[in-house]
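What follows is one structure encoded as structure tokens, with my remarks underneath.
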Amino acid sequence: MTSPTTPRSPRDRYGTDVLTTDWRAPRRGRAVEHPADHGLVVEEVTTDWCGEIVAVDRDLHTVTLEDRRAKRRTFPLGPGFLLEGRPVILTAPVRVAPPAAPTRTASGSVAVKDSRARVARASRIFVEGRHDAELVEKVWGDDLRVEGVVVEFLGGVDDLAEHLRDFGPGPQRRVGVLVDHLVAGSKESRIAQSVARSPIGAHVLIVGHPFVDVWQAVKPERLGINRWPDVPRQVEWKKGICQQLGWPHRDQADIARAWQHILSRVTSFADLEPALLGRVEELIDFVTAD
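So the number in the numbering used here is just where the residue sits in the sequence shown, counting from 1, plus 126.
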């Protein structure tokens with residue numbers, strides 16, 4: 127006697143509906159985020175490079191893997207890695223808790239606890255670019271707020287005379303100017319001499335450092351190099367630096383990340399070259415003098 131069977135609908139004979147499942151899911155599963163903790167062994171899928179995570183750079187957004195032969199390669203953080211055979215999106219590890227408040231500022235001055243920023247003076251410090259301003263802020267920012275000094279960036283020194291005319295320097299409105307590559311015979315030195323000879327020259331102090339760009343004011347050892355590379359004249363300096371150091375340099379976003387990487391290595395005045403330190407201190411003294 128045959129046992130009764132449940133009649134099939136016409137659709138059943140073609141099997142289950144494939145669209146009721148995640149039919150587009152990759153064979154190894156979908157990638158999930160995972161912190162790039164030191165010591166993890168991962169594989170980069172496009173190159174098959176397998177190695178232990180030995181370094182993560184938040185500013186450059188990169189991870190460095192070391193293989194079993196102690197060779198290292200650096201890759202962008204993000205998707206494209208396998209961890210124990212499963213796809214992952216590597217992210218920067220969670221930061222540790224910040225240290226206790228320092229007793230000295232980054233410039234070496236005694237930190238004034240719970241101090242309020244002074245009302246801004248009429249006097250100003252001008253610097254050439256955003257990176258100069260960010261470096262001055264990181265090292266001297268606490269001191270400048272106590273003194274009420276505002277730092278402004280010009281976007282280049284070529285229009286300095288025009289900026290000074292608009293500002294109107296005077297006995298109570300002094301201006302200190304920090305210039306890159308202020309060496310004898312340079313364009314910058316000619317501009318500085320012209321301002322010094324002008325009617326407002328007594329109320330303006332222009333000083334500079336000998337470096338091509340303020341990047342070089344950061345001691346190279348802080349970046350793990352012996353010296354800053356030489357860049358041919360026909361190559362844009364910052365891109366050339368990134369290229370020679372093996373950093374991404376395709377567009378302005380790469381240059382910005384490179385600068386943040388450099389700036390992250392600066393924690394105090396001890397990380398900067400003396401040729402910059404003295405000039406900034408000189409400017410602060412000039413604009414805060416009664």
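The beta-carbon is built from N, C-alpha and C at its ideal position, and this holds for glycine as well.
State the DSSP-derived secondary structure class of I251, mapped to helix, strand or coil.
strand
Residues in the same chain with beta-carbon distance under 6 angstroms from K364, minus the five sequence neighbours each way, listed in chain order, please.
I381
Per-residue burial, Q319 [other beta carbons within 10 Å of its own, 16 or more giving buried]
exposed
Length of the line joining the Cα atoms of P346 and F337:
13 angstroms
May I have the straight-line CA-CA distance separating L191 from W175, to the nearest angstrom?
8 angstroms
Work out the CA separation of F207 and L402 for me, nearest whole Å.
43 angstroms
If you draw a straight line from the C-alpha of P400 to the C-alpha of P213, how long is it?
48 angstroms
For A259, which residues of its own chain have a beta-carbon under 7 angstroms away from its beta-carbon, when the five flanking residues on both sides are left out?
V253, V277, F279
Ordered along the chain, which non-local residues of its own chain (more than five positions away) have a Cβ less than 6 angstroms from that of Q298?
Excluding sequence neighbours, Q298 sits near A248.
Following the continuous alpha helix (DSSP H) through A287, name the residue where it begins and the one where it ends.
286-293
Please name the residue, chosen from G281, R184, I332, that lies closest to V303 on a Cα-to-Cα basis.
I332
Endpoints, the alpha helix (DSSP H) within which L270 is located:
Its alpha helix (DSSP H) spans residues 256-273.
Which residues bound the alpha helix (DSSP H) around G372?
In the DSSP annotation of this structure, G372 is not part of any alpha helix (DSSP H), being labelled neither H nor E.
Taking only three categories from DSSP, how would you classify L304?
Strand, per DSSP.
Using a Cβ-Cβ cutoff of less than 8 angstroms, which residues in the same chain neighbour I410 once the five nearest sequence positions on both sides are dropped?
Contacts found: I251, W266, D269, L270, E273, V275, G302.
Count the other CB atoms, across all protein chains shown, that sit within 10 Å of the CB of I388; report buried if there are 16 or more and exposed otherwise.
If you draw a 10 Å sphere on the C-beta of I388, you find 16 or more other C-beta atoms in it, and that means buried.
At which residues does the beta strand (DSSP E) containing F395 begin and terminate?
Per DSSP, F395 belongs to no beta strand (DSSP E) and is neither H nor E.
Contact between the stretch 176-184 and the stretch 161-168 is defined here as three or more beta-carbon pairs at a separation below 8 angstroms; is this criterion met?
yes
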